[in-house]
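Basically the UniProt record's numbering = 1-based index in the sequence shown + 25.
Here is the structure we will look at, set down as C-alpha cells.
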Amino acid sequence: RILPRFYHERVVDHYNNPRNVGAFDKNDPTVGTGLVGAPACGDVMKLQIKVDEETGKITDACFKTFGCGSAIASSSVATEWVKGKQMEEVLTIKNTEIAKHLSLPPVKLHCSMLAEDAIKAAVKDYETKRGKSLETTASTT
Ligand code: FES
Ligand code: FES
26 RILPRFYHER
36 VVDHYNNPRN
46 VGAFDKNDPT
56 VGTGLVGAPA
66 CGDVMKLQIK
76 VDEETGKITD
86 ACFKTFGCGS
96 AIASSSVATE
106 WVKGKQMEEV
116 LTIKNTEIAK
126 HLSLPPVKLH
136 CSMLAEDAIK
146 AAVKDYETKR
156 GKSLETTAST
166 T
C-alpha cells in the first residue's frame, strides 16, 4: 500500500491507475487548458479539454498533476466526469461532489477544489481562444 489506510479505495484506485494522464497541444484551437495551483500546499494541476466546435461537447480530457494523492485522484475523476458532457454542464461540477465520490477527509477538501477550479479554467481558456478566433475570422471577412 502506498497510501495510508484512511484513504477510500477509490482514491487509491485513481492514484495507482490514474485515468487520462497526458497533455494536448495547448495551441490547438479546440483545446482548453486550465492550470491552477493550491495556495494551501503549492500543488499544481493542469487539466485540458478537447471540444467539438459544432456541438460544444467535450470529446476528450487529460490532466497532469504535481501533488498529493487526493489531488491526483480528484483530477483523474474530473477528466472522467467531463468527457462527453457539454461545457455548460461541467461548470456545475462541484468539488464537494468529487470529494464525496472519493470520501476525502476534510483536510483534503482543497485538493478536490483544485479539480473544480481546473475544469472552470479549462472552459474559460477554450472560450477565450474561440472568441479571439471568431473575431479574427469576422475582421478578415
Ligand atoms: Fe505536499 Fe500537497 S503539500 S503534496
Ligand atoms: Fe494540496 Fe492535496 S494536499 S492538493
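Note that the Cβ used here is the ideal one computed from N, Cα and C, for glycine as well.
These numbers come from a predicted model, not from an experiment.
> Looking at G92 and ligand 2, is the gap between the Cβ and the nearest heavy atom below 6 Å?
Replying inline: Taking the first residue of the sequence shown as position 1, residue 92 is located at position 67. Answer for G92: yes, Cβ within range of ligand 2.
> Given that a residue counts as buried once 16 or more other Cβ atoms are within 10 Å of its Cβ, and exposed if not, what is G47?
Replying inline: In the sequence shown, counting from the first residue as 1, residue 47 sits at position 22. By the neighbour-count rule (16 or more Cβ atoms within 10 Å), G47 is not buried but exposed.
>> Counting C-beta neighbours from all protein chains within 10 Å, is the total for residue 168 16 or more, i.e. buried, or is it exposed?
In response: Here the chain has residues from 26 to 166 only, and residue 168 is not among them.
> Distance, Cα to Cα, L127 vs K157?
Replying inline: Position 102 of the sequence shown, counting from 1, holds the residue named residue 127. Position 132 of the sequence shown, counting from 1, holds the residue named residue 157. In a straight line, the C-alpha of L127 is about 38 Å away from that of K157.
>> Quick check: does the Cβ of L139 come within less than 6 Å of any heavy atom belonging to ligand 2?
In response: For this step, residue 139 is matched to residue 114 along the sequence shown. Yes; taking the cut-off as 6 Å, the Cβ of L139 has a heavy atom of ligand 2 nearer than that.
> Between I144 and the rest of its own chain, which residues show a CB-CB distance below 7 Å, the 5 nearest in sequence each way excluded?
Replying inline: Within the sequence shown, numbered from 1, the residue matching residue 144 stands at position 119. The answer, listed in chain order, is G59, L72, A103, V107, V115, I118.
>> Am I right that V76 and G57 are in contact with their C-beta atoms under 8 Å? What's the rounded C-beta distance?
In response: Here residue 76 refers to the residue found at position 51 when the sequence shown is read from its first residue. Here residue 57 refers to the residue found at position 32 when the sequence shown is read from its first residue. With 8 Å as the limit, V76 and G57 qualify as a contact, their Cβ atoms being about 6 Å apart.
>> For ligand 3, I want to know if D142 counts as a neighbour, meaning its beta carbon is within less than 6 Å of at least one of the ligand's heavy atoms.
In response: As presented, the structure is devoid of ligand 3, carrying ligand 1 and ligand 2 as its sole ligands.
>> Do Y40 and A98 count as a contact pair if the criterion is CB distance below 7 Å?
In response: On the sequence shown, position 73 is the one that residue 98 refers to. On the sequence shown, position 15 is the one that residue 40 refers to. In this structure, Y40 lies closer than 7 Å to A98 by Cβ.
>> Judging by CA-CA distance, which residue of D68, E122, A163, A147 is the nearest neighbour of G94?
In response: Locating residue 94 in the sequence shown gives position 69, counting from the first residue. The shortest Cα separation from G94 among D68, E122, A163, A147 belongs to D68.
> What's the call for D50, buried or exposed, on a 16-neighbour Cβ count within 10 Å?
Replying inline: Walking along the sequence shown from the start, residue 50 turns up at place 25. Exposed: under 16 other Cβ atoms inside 10 Å.
> Cβ-heavy atom distance between A63 and ligand 2 below 6 Å?
Replying inline: Mapped onto the sequence shown, residue 63 falls at position 38. Checking the Cβ of A63 against ligand 2 gives yes.
> So does S100 have its beta carbon nearer than 6 Å to some heavy atom of ligand 2?
Replying inline: Reading the sequence shown from its first residue, position 75 is the one you call residue 100. Result no, Cβ not under 6 Å from ligand 2.
>> Can you list, in chain order, the residues of its chain with a C-beta nearer than 8 Å to that of K138? Leave out the 5 residues immediately preceding and following it.
In response: Residue numbering aside, residue 138 sits at position 113 when the sequence shown is read from its first letter. Looking at the sequence provided, one finds Met at residue 138 rather than Lys. Same-chain partners within the cutoff: A63, N120.
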